[in-house]
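No gaps in the numbering here: position 256 of the sequence shown is 256 in UniProt numbering, and each next residue is one more.
Take a look at the structure set out below.
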Amino acid sequence: WGRRGRRRRGSGGSSGGGRSRSSAPCHTSRTSGGGTASLRRRRRRARGGGGDGANRGIGYEAARQLATHGLHVVLTSRDAARGRDAAEQIRAAAGKPGVSVEWRQLDVTDAASVEGFATWVERTHGGVHVLVNNAGVNFNRGADNSVEFAEQVIETNYFGTKRMIEAMMPLMITSPHGGRIVNVSSRLGRVNGRRNRIGDPSLRERLLNDDHLSEELINEMVMKFLEQTKQDNWSSGNEWPQMYTDYSISKLAVNAYTRLLARRLLDRPEGQKIYINCFCPGWVKTAMTGWEGNISAEEGADTGVWLALVPQEQATIGKFFAERREISF
1 WGRRGRRRRG SGGSSGGGRS RSSAPCHTSR TSGGGTASLR RRRRRARGGG GDGANRGIGY
61 EAARQLATHG LHVVLTSRDA ARGRDAAEQI RAAAGKPGVS VEWRQLDVTD AASVEGFATW
121 VERTHGGVHV LVNNAGVNFN RGADNSVEFA EQVIETNYFG TKRMIEAMMP LMITSPHGGR
181 IVNVSSRLGR VNGRRNRIGD PSLRERLLND DHLSEELINE MVMKFLEQTK QDNWSSGNEW
241 PQMYTDYSIS KLAVNAYTRL LARRLLDRPE GQKIYINCFC PGWVKTAMTG WEGNISAEEG
301 ADTGVWLALV PQEQATIGKF FAERREISF
């Protein structure tokens with residue numbers, strides 16, 4: 001697609017051994033990094049996208065579905081062998097010609113890796129139409145709630161997502177369809193979740209108030225939590241979510257950052273729109289859940305693929321979805 005003529009790019013915007021995501025739009029695995037870039041021909045126009053975390057689980061399934069819909073998919077992961085195998089499996093499973101998938105190594109926790117990937121995308125493809133941020137880690141399962149690896153969880157799930165968006169947003173190719181950024185998140189990251197929420201009413205109010213929400217506020221929140229984990233006083237006062245605390249805070253930060261960027265992107269003119277949203281795939285049977293989920297990876301990936309492909313006239317911005325329905329932050 002890049003060889004048929006490059007489109008105008010939109011202006012830039014800022015934007016251990018645990019279980020992690022690493023395969024297409026959404027997924028779970030044991031290492032962070034990886035993603036997918038996809039491209040679709042639509043009335044002779046190429047459409048492309050990128051994502052991170054794509055060699056198995058939800059990410060693999062999302063990459064497969066996007067490729068089956070006719071997009072050129074760049075699937076990324078940290079592990080080269082697994083990434084190449086995943087791309088080959090998608091091509092083989094399609095059972096038809098025209099399914100276009102390639103693999104590229106990527107580690108979202110490494111700024112140089114992200115910068116190198118963005119440079120390669122621009123040089124090779126001219127940009128992307130769709131970015132799916134899927135890479136993520138979670139070291140807890142069942143009744144566990146250790147914060148031993150909190151720094152790695154926050155670095156991968158929040159700062160890794162943020163790093164990818166900042167690098168790839170300047171490469172979003174403008175088109176009538178609009179660019180798409182899809183962030184894989186979780187209901188565990190809701191500000192006012194029934195069983196899992198921020199205990200500080202003042203912080204909840206500021207996070208939900210668009211006039212107060214800022215990148216500084218989000219970063220301040222996660223850094224305060226990390227500092228408390230180092231001092232081993234994070235659990236006093238019920239200030240933080242009580243279930244999978246580090247993972248929940250990382251996803252809360254992703255959700256807040258999604259809303260913040262949506263506000264910045266809202267006034268872009270027609271033909272240069274970028275639609276950013278996040279979604280919860282549900283309790284999926286993947287490595288991250290210890291295969292204890294209640295839905296398949298195919299079902300978990302569905303909402304993310306839908307957000308990437310929904311027609312422009314139905315596209316939304318700055319929303320949180322599950323099972324193709326909008327849910328509250």
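Glycine included, every Cβ here is placed at the ideal spot set by N, Cα and C.
What first and last residue would you give for the alpha helix (DSSP H) that runs through I90? For I90, the enclosing alpha helix (DSSP H) begins and ends at 80 to 94.
The alpha helix (DSSP H) with G160 in it runs from where to where? 160 to 168
Extract the residue ranges of the alpha helix (DSSP H) inside the stretch 198 to 248, only unbroken runs of 4 or more that lie entirely within it. The alpha helix (DSSP H) runs of length 4 or more contained entirely in the stretch 198 to 248 are, from start to end of the chain, 201 to 208, 215 to 231.
Beta-bridge pairing of Y60 - partner residues as DSSP gives them: For Y60, which the question treats as bridged, DSSP gives no partner whatsoever.
Straight-line gap, S248 to V132 (C-alpha atoms, nearest Å): 20 Å
Could you tell me the distance, in whole angstroms, from the CA atom of A315 to the CA atom of Y275? Spanning the alpha carbons of A315 and Y275 requires a straight line of approximately 7 Å.
What residues match up with C278 in a beta bridge as DSSP calls it? For C278, the pairing in a beta bridge is given by DSSP as N183, F320.
For N238, I'd like the list of residues in its chain whose CB is within less than 6 Å of its CB, leaving aside the five on either flank, ordered along the chain. For N238, same chain residues with a beta-carbon under 6 Å away, outside a window of 5 residues either side, are G199 in chain order.
The alpha helix (DSSP H) enclosing G300, as first and last residue numbers: 297 to 309
Tell me, to the nearest whole angstrom, how far the beta carbon of E102 is from that of V74; I am working on the premise that it is less than 8 Å. Between E102 and V74 a beta carbon distance of about 6 Å is seen, short of the 8 Å cut, so the two are scored as contacting.
Euclidean distance between Cα positions of V201 and E227: According to the sequence provided, residue 201 is Pro. The question's Val does not apply to it. About 20 Å.
Does the separation of the CB atoms of V254 and G189 fall below 8 Å? yes
Please confirm whether V153 and N134 have their CB atoms less than 8 Å apart. no
In whole angstroms, give me the CA-to-CA distance for V108 and T161. The C-alpha of T161 is placed about 7 Å away from the C-alpha of V108.
When you compare the CB positions of M168 and A118, do they come within less than 8 Å of one another, or not? yes
Rank V191, H212, N196, E215 by C-alpha distance to the C-alpha of R204 and give the top, closest one. Closest by alpha carbon: V191.
Does DSSP classify Q312 as helix, strand or coil? helix
Spatial neighbours of R187 in its chain, beta-carbon cut-off 6 Å, leaving aside the 5 residues before and after: C280
Measuring CB atoms only, is the stretch 59 to 77 touching the stretch 294 to 310, in the sense that at least three cross pairs come out at less than 8 Å? yes
Where E313 falls, given that 16 or more other Cβ within 10 Å makes a residue buried: exposed
Considering only residues of the same chain and omitting the five flanking positions on each side of E220, which have a CB-CB separation below 8 Å? No residues qualify anywhere along the chain.
Does the separation of the CB atoms of N145 and T245 fall below 8 Å? yes
If you measure between the beta carbons of W283 and V147, is that distance less than 8 Å? no
Whole-angstrom C-beta distance between I58 and A301, which should lie under 8 Å: That pair is a contact at about 5 Å.
In this structure, does DSSP put N133 in helix, strand or coil? strand
Is it true that the CB of N209 sits closer than 8 Å to the CB of P241? no
Contact check, T68 vs A94, beta carbons under 8 Å: yes
For L106, the nearest candidate out of P170, P97, V121 (CA to CA): V121
Run through DSSP, which three-state label would S77 get? In this structure, S77 counts as strand in the three-state DSSP scheme.
Classify residue 337 as helix, strand or coil using the three-state DSSP reduction. Outside the displayed range of the chain (1 to 329) lies residue 337, so it cannot be described from this structure.
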